[in-house]
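These notes concern the structure reproduced below.
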């Protein structure tokens, strides 16, 4: 029985992304044009649509894991901006660009 539980725990750990960390909102930096700027505990500034509130927490890659290239897997319109979705080694990531801009085919995260 212990062997089955241990095997299931190892399999679950192998499936879940190990490089995602949770960061918490430090400060809402306000609206700049059509974007609201939000600073998080990892020291990075992220943008959301200007009419949205900054999320209280985000998940992003852990420090020290380096950069990875994402390949475009989709896009959708979100108000006055466009969200470009990328596949980064099986993980889904997104960036926000202007509503009339083209999404890059690849993006370095």
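Numbering (our numbering), first residue to last: 428 to 536. Just so you know, even glycine gets a beta-carbon here, dropped at the ideal spot from N, CA and C.
Listed in chain order, the non-local C-beta contacts of residue 512 below 8 Å within the same chain comprise 499, 500, 501, 502, 503, 519, 520 and 521, local neighbours out to five positions each way being set aside.
According to DSSP, residue 499 shares a beta bridge with 513.
Between residue 497 and residue 508, the C-beta spacing is not below 9 Å.
Under a 10 Å Cβ-count criterion, residue 474 is classified as buried, with 16 or more other Cβ atoms of the shown protein chains found around its own Cβ. For residue 525, the uninterrupted beta strand (DSSP E) run begins and ends at 518–525, by DSSP. For residue 468, the secondary structure class from DSSP, reduced to helix, strand or coil, is coil. Distance from the CA atom of residue 468 to the CA atom of residue 453, rounded to whole angstroms, is 6 Å. For residue 535, the uninterrupted beta strand (DSSP E) run begins and ends at 533–535, by DSSP. Under the three-state reduction of DSSP, residue 505 is assigned to strand. Distance from the CA of residue 479 to the CA of residue 485, rounded to the nearest whole angstrom, comes to 15 Å.
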